[in-house]
Amino acid sequence: MFLNYLKVAFKNIFKFKLYSAINIIGWLVAWLLMEDWLNFFAFLTEVTLTPFIMEGSTPFVFTFITISARAIKAARQKPVMSFMHE
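Residues 38 to 123 in the numbering used here are what the sequence shown spells out, letter by letter.
So this is what it looks like as C-alpha cells:
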C-alpha cells in the first residue's frame, strides 16, 4: 500500500513539474535566507536540512493517515450502508 502511495506521489511530481520546481526553489530560497539571517545573531547556529525534510514530509504523513483511515472505514462497512447514503 505504501509503495503504491509513493508511485502516485512520484507520478504527480513528474506530472506537475512546474509546481514541484517552484516548491524546491522555494525551499532553497528559504534555506539561504535563513542562513543569512542567522549569521547576524551573537550565537551562531547552522541551518540543517532536518526542518525542511520534516516540513515537507508532514503533509504526506497526514494525508496517508487520513486516506488509510477512510479506506479502512469504507472496507469494514457493509455495502448496503453505502447505497443508503447515495
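We put the CB at the ideal spot given by N, CA and C, even for glycine.
Inset, instruction - For the alpha helix (DSSP H) containing residue 44, list its first residue and its last residue. - result: Taken as a continuous stretch (DSSP letters only), the alpha helix (DSSP H) holding residue 44 covers 39-52.
Inset, instruction - Look at residue 75 and residue 85 and say whether their C-beta atoms are less than 8 Å apart. - result: It is not a contact, given that the beta carbons lie outside the stated cut-off.
Legend entry - residue 115: first and last residue of the uninterrupted alpha helix (DSSP H) it sits in: Bounds of any alpha helix (DSSP H) do not take in residue 115, whose DSSP letter is neither H nor E.
Legend entry - Whole-number beta carbon distance between residue 64 and residue 80, since they are thought to touch under 8 Å: Between residue 80 and residue 64 a beta carbon distance of about 25 Å is seen, past the 8 Å cut, so the two are scored as non-contacting.
Legend entry - Inside the stretch 74-118 only - alpha helix (DSSP H) runs reaching at least 4 residues: The stretch 74-118 contains these whole alpha helix (DSSP H) runs: 87-113.
Inset, instruction - Give a yes or no on whether the C-beta atoms belonging to residue 42 and residue 99 are separated by under 8 Å. - result: In this structure, residue 99 does not lie closer than 8 Å to residue 42 by Cβ.
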